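Undergrad: Protein chains in written order, with the numbering used here: chain A, 783 to 1127; chain B, 783 to 1127.
By construction, the Cβ of each residue, glycine as well, lies at the ideal position given by its N, Cα and C atoms.
Note that the structure is predicted; figures quoted are calculated from it, not measured.
One structure follows; several queries about it will come next.
Number of protein chains: 2
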Amino acid sequence: MSVTIYDVARRAGVGIGTVSRAINDSPQIRPETKKRVMEAIRELGYTPHTMAKRLATKRIGIIAAIMPFYTGHFYHELLRGIQKALTEFEYDLLVHFVDRPEKLRAYLDRTLSEKRCDGLLIISMDIPEEYVDKLQHARLPVVVVDRGHDRLDCIQVENEQGAYLATQHLIRFGHRKIGMISGNRHSEPAKQRYEGYVRALNEDGLAVRPEWFVSADMLNATPDIQQNDGFNIHAGYAGMHRLLALGDDRPTAVFAASDILAVGAMRAANEAGLTIPNDLAVIGFDDIELADYLSLTTMQQPMYEMGKLAVDRVMEKIDSESDEVRQFRLSTRLIERHSTQPIGS
Amino acid sequence: MSVTIYDVARRAGVGIGTVSRAINDSPQIRPETKKRVMEAIRELGYTPHTMAKRLATKRIGIIAAIMPFYTGHFYHELLRGIQKALTEFEYDLLVHFVDRPEKLRAYLDRTLSEKRCDGLLIISMDIPEEYVDKLQHARLPVVVVDRGHDRLDCIQVENEQGAYLATQHLIRFGHRKIGMISGNRHSEPAKQRYEGYVRALNEDGLAVRPEWFVSADMLNATPDIQQNDGFNIHAGYAGMHRLLALGDDRPTAVFAASDILAVGAMRAANEAGLTIPNDLAVIGFDDIELADYLSLTTMQQPMYEMGKLAVDRVMEKIDSESDEVRQFRLSTRLIERHSTQPIGS
DNA sequence: ATAAATATTGGAAAGGCTTCCATAGCGGAA
DNA sequence: TTCCGCTATGGAAGCCTTTCCAATATTTAT
C-alpha cells in the first residue's frame, strides 16, 4: 500500500541496503548512487516509516518530561530551553503534566512498563524512593530538574546562594528588619531559600525573628493558598497581611521566595497604604514577566539554560550508557529594579 | 537480550498468539490459560515492546499538539483538558511550541514526512493554505483549536458572541461611552471580538467612535507591545494611556479583548488616579487566574472543555476515517466581579 | 453416542527498517 | 598481467508484535 524502501530500491535499480544508506547519510555510498536513490525517493513520494525505523534501531527519538501542572514563566522558559535543545537533536518532546503525586507514580509505572521514550526529565517533583530504584534498574536515563537528588542526575538552581544574595542585597541597602514570605516550608526550594536567608542574616548579626517568617503552610489551608505548593499570589497576599499585623514591629524589607508571592505581598502592602520601596522594600525570586512590569527587584533563575542543560545531559546519558551520576548547580543573578532602594534615599 | 513474547510463550507452554491475546484482553482466550500466561509474564518480568506493537498495529498512540509559545492560563487550562482526555484514551501528548510561523511550516513538514503521531491539534495558529492541502492529502486527522477554519475541523469559542455579551453588560450598567482595547487587529479572535463589540453598540444605537478603539498594532511597535500577538500587559497599559489622553471625551467603560490587556489597562487607569469601577469600568475576556485576584469582571472561556472536545474529536477522526469536516463553537460565560458596576451606584 | 457448532489455540506471515556479511568492482603496486 | 586492499553494493536476518487461518478441543444438540 504505502511506498517502502523496496519500491525505492527497485525504481533506482539498487538494493535496499543502498537505499537505507542513502537516507541515513552513510559515507559508504557513491555520491552518484545516492543521487539516483534520492531521485527515486522524490518520484515515488517515499517517506520512511518511523515506527519501523524505531523498531530496527531501538531508538525512539522521544524524551518525556514530567512536570507539575503549574503555570507560569518558570516552566515556560524551561520548556523553551528544552524544546530548543531537543530540536537540535531532532528529538520530540512528550509532556505529561501531573497534578497529584499519585499521578506521578502511575505515569512512571506506565513509562517503565512500556518503553515509550529514550530518556526522562522529571521537573520540580519529588520522586518516591521505590521509583528511584526502579528507574535505575530499568537503566532509563533520567535527569531531575529543579530539585536535588543524590542518586540521580540533577540540575538545580543555587537556591541557597540566591536567597543569600537577595537577603544580602536588602542588608546592603540598610535594612535591619528583614522578613521572608515563603511557599510551603517542606518543599525543597523553600527550605534552601530559607537557609540562604538565615545565613545572610547571621553573617551580619541580624535577628532571625520567627514572627518575621511566614510560609504558606502557616496560613489558612484554603485551596487558593495551598495551590502550586504555596507559591502563589494568594499566599503572598495573606502572608504580607500577617507581617503587617505586627504593627511597628513589622519588617521594613521582605524577601519573597518567589515573584508571584512578592506580587501578592506588594498588593497587600499597597492596600494598607504603604508605598514600595519607601515604606517597604520587596525582593522576589524567579524574574517572571510580571516582575519587570511591576518593577520588582528579583533573583533571576537561568531557566532557559536549565532546560537546555537538562536535555544535553539526558542525551549524553542515552549515548554513553554510563552510570555516572552528576549534579549540576546553576547560579542566580540579581536583577535590580525599583522595589528596593537604599534606605533614606 | 530482552524478554519477548516467545520467551513468555515457552514458559507458559502456549503459543505466541495466545500470549498476545492474553496481553490484549482478547475474549478469545480461556481464563485459566490467560492466568497462566500472566503468571509467566510476571515471572519473567516481560514488558511489551512498544515500537514493535506500533509497527504491527499501525497505531502510534500519540497525538501531537502544535501551539504558540505563549504562556498563560488559557493554554494551561487547554492543556489540562487535552491531557485529561488523552489519558482516558491511553494516548500520549507530543507538544511542539512554535515561536515563529516558519517553525510551524518546518514542523508540519516533518510531521507529514514521518508519521510520528496519529492526529494533530493545531492551536491558536493560522495554517498556510498549501499545508491545508498537504494535511488533507496525507489524511492525517487534524483539529484546529482556537481558530476557525472552513476546510478543517475546528473548535473555537464564540468570540463574537462573547464580545457582544461583554459590551452589552457594560451598556446594561448604564455606560454610553464604551471603548475597546484589543490585540493585533488582524488576528482572528481580535476581529471577531471587535465585531461583537460593534454589534452590541449598534443594537443600542450607541456611537462606534474610532478613537475609542485601540489595538496593539496601532501602538508603538516595540517588541514588548507586539508579543503574544498584541495580547499582553504592555499593550493594555499603552492602550489605556491612549484612551486617557482623550481627556473628558474618554470612554467611561472599556472592553478589553483579553484579561491581560485589562490588567495593563487597569494599572494605567489607577496610575492616572482613576478608581475602578467608579471612574472607569473594565471588562476582560478569558478569566485568567489574575482576573479573580484583581476582581476583574470578564467573559470566561471554556478552555478545559475545548481541550477535551479537541481530543475527543481527533480520536473520533482517527477511528472513523471519514472525511467529514465539523466546526464546533463553544459559548462564553459572564463572570461578574467588581471591575464593573451599575453607573451611579 | 455422534455429528455439528463453537470456543481455543498455534504459529506463519506481515509490518518496514537497519545491519552485517559476503560479494563485486576498482585502482594501483609488483 | 596478476594480486592486493579498498570501497561500494545486495540482500538475508533480525527487531517484536499482531493478525489471520488452519487445526484442535470442547460443547451442545440430536
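Quick check: what's the CA-CA separation for G987 of chain B versus G944 of chain B?
TA: 19 Å
Undergrad: Under DSSP, the beta strand (DSSP E) around I905 of chain A begins and ends at which residues?
TA: 901-905
Undergrad: Where Y857 of chain A and I1125 of chain A are concerned, what is the direct C-alpha to C-alpha distance, given to the nearest angstrom?
TA: Y857 of chain A and I1125 of chain A have their C-alpha atoms spaced approximately 35 Å apart.
Undergrad: Helix, strand or coil for Q938 of chain B? Go by DSSP, reduced to three states.
TA: strand
Undergrad: Would you decide whether H951 of chain B is buried or exposed? Buried here means 16 or more other CB atoms lie within 10 Å of its CB.
TA: buried
Undergrad: Checking contacts by CB at 7 Å: is Q1082 of chain A closer than that to chain B?
TA: no
Undergrad: For a test of the three-state rule: what should DSSP assign to V996 of chain B, helix, strand or coil?
TA: strand
Undergrad: Pick from B:D1068, B:P1005, B:D915, B:I1117: whose alpha carbon is nearest that of A1038 of chain B?
TA: Looking at the Cα atoms, B:D1068 is the closest of the given residues.
Undergrad: Report the residue from A:R818, A:S1127, A:R1111 whose alpha carbon sits nearest the alpha carbon of C1131 of chain A.
TA: Residue numbering for chain A in the displayed model covers 783 to 1127; residue 1131 of chain A lies beyond these limits and cannot be assessed.
Undergrad: Going by CA-CA distance only, name the one from B:L826, B:A920, B:I904, B:V796 that's closest to S895 of chain A.
TA: Out of B:L826, B:A920, B:I904, B:V796, B:L826 has the C-alpha closest to the C-alpha of S895 of chain A.
Undergrad: CA-CA distance, A1092 of chain A and K973 of chain A?
TA: If you take the alpha carbons of A1092 of chain A and K973 of chain A, they lie about 23 Å apart.
Undergrad: Does the beta-carbon of A948 of chain B have 16 or more other beta-carbons within 10 angstroms, so that it is buried, or is it exposed?
TA: buried
Undergrad: Using CA atoms only, rank isn't needed, just tell me which of A:L860, A:L917, A:E814, A:V796 is closest to S906 of chain A.
TA: A:L860
Undergrad: What residues of chain A sit near I798 of chain B, judged by a beta carbon separation below 8 Å?
TA: What I798 of chain B touches in chain A: nothing, since even the nearest Cβ is about 17 Å away.
Undergrad: According to a CB-to-CB cut-off of less than 7 Å, which residues of the region 1004-1031 of chain A neighbour chain B?
TA: I1015
Undergrad: Under a CB-based cut-off of 7 Å, is L833 of chain A close to chain B?
TA: It should be pointed out that residue 833 of chain A corresponds to Met in this sequence rather than to Leu. Interface flag for M833 of chain A against chain B is set, since a Cβ pair is found closer than 7 Å.
Undergrad: Where does A1003 of chain B fall in DSSP's three states?
TA: coil
Undergrad: Give the secondary structure of L875 of chain A by DSSP, where H, G and I count as helix, E and B as strand, and everything else as coil.
TA: strand
Undergrad: Where M1097 of chain B and R991 of chain B are concerned, what is the direct C-alpha to C-alpha distance, given to the nearest angstrom?
TA: 46 Å
Undergrad: Beta-carbon within less than 6 Å of K1099 of chain B's beta-carbon, same chain only, minus the 5 sequence neighbours each way: which residues are those?
TA: These residues qualify, in order along the chain: P923.
Undergrad: What is the DSSP secondary structure of I845 of chain A, reduced to helix, strand or coil?
TA: strand
Undergrad: Using the C-alpha atoms, what's the distance from I811 of chain B back to A804 of chain B?
TA: Approximately 7 Å, taken between the alpha carbons.
Undergrad: Can you have a look at K840 of chain B and say buried or exposed, based on whether 16 or more other CB atoms are within 10 angstroms of its CB?
TA: exposed
Undergrad: Strictly below 8 Å CB to CB, what residues from chain A border K897 of chain B?
TA: Correct list: T829, H831, T832, M833.
Undergrad: Specify, as a first and last residue, the run of the beta strand (DSSP E) that R958 of chain A falls within.
TA: Where R958 of chain A is concerned, there is no enclosing beta strand (DSSP E), given that its DSSP letter is neither H nor E.
Undergrad: Leaving out five residues before and five after N966 of chain A in sequence, what residues of the same chain have Cβ atoms less than 7 Å from its Cβ?
TA: A972, S997, A998, D999, D1011, G1012
Undergrad: Please tell me whether I1058 of chain A and V1064 of chain A are closer than 7 Å, where the distance is taken between their beta carbons.
TA: yes
Undergrad: Can you check whether the C-beta of R836 of chain A is within less than 7 Å of a C-beta belonging to chain B?
TA: Yes, contact with chain B.
Undergrad: Considering only heavy atoms of the ligand GDP, does any lie closer than 6 Å to the CB of T829 of chain B?
TA: Among the ligands in the structure shown, none appear at all, so the ligand GDP cannot be discussed.
Undergrad: Ignoring anything shorter than 4 residues, give me the alpha helix (DSSP H) runs that lie fully in the region 1067-1111 of chain B, in order along the chain.
TA: 1071-1075, 1085-1102
Undergrad: Taking 7 Å as the CB-CB cut-off, is D874 of chain A touching chain B?
TA: Yes, because at least one Cβ of chain B sits closer than 7 Å to the Cβ of D874 of chain A.
Undergrad: If L917 of chain B sits next to V926 of chain B, beta carbons under 8 Å apart, how far is it from one beta carbon to the other, in whole angstroms?
TA: About 10 Å separates the beta carbon of L917 of chain B from that of V926 of chain B, a gap too long to meet the 8 Å contact definition.
Undergrad: Just checking: is the beta-carbon of Q918 of chain B within a distance shorter than 7 Å of some beta-carbon in chain A?
TA: no
Undergrad: Along the chain, where does the alpha helix (DSSP H) containing I811 of chain A start, and where does it finish?
TA: It is not in any alpha helix (DSSP H) - I811 of chain A carries neither H nor E in the DSSP assignment.
Undergrad: If I measure Cβ to Cβ from A1146 of chain B and keep anything under 6 Å in the same chain, skipping five residues before and after, which residues do I get?
TA: Residue coverage of chain B in this structure runs from 783 to 1127, which leaves residue 1146 of chain B outside it and unanswerable.
Undergrad: Taking C-beta pairs closer than 7 Å, name the residues in chain A that L861 of chain B reaches, listed in chain order.
TA: F879
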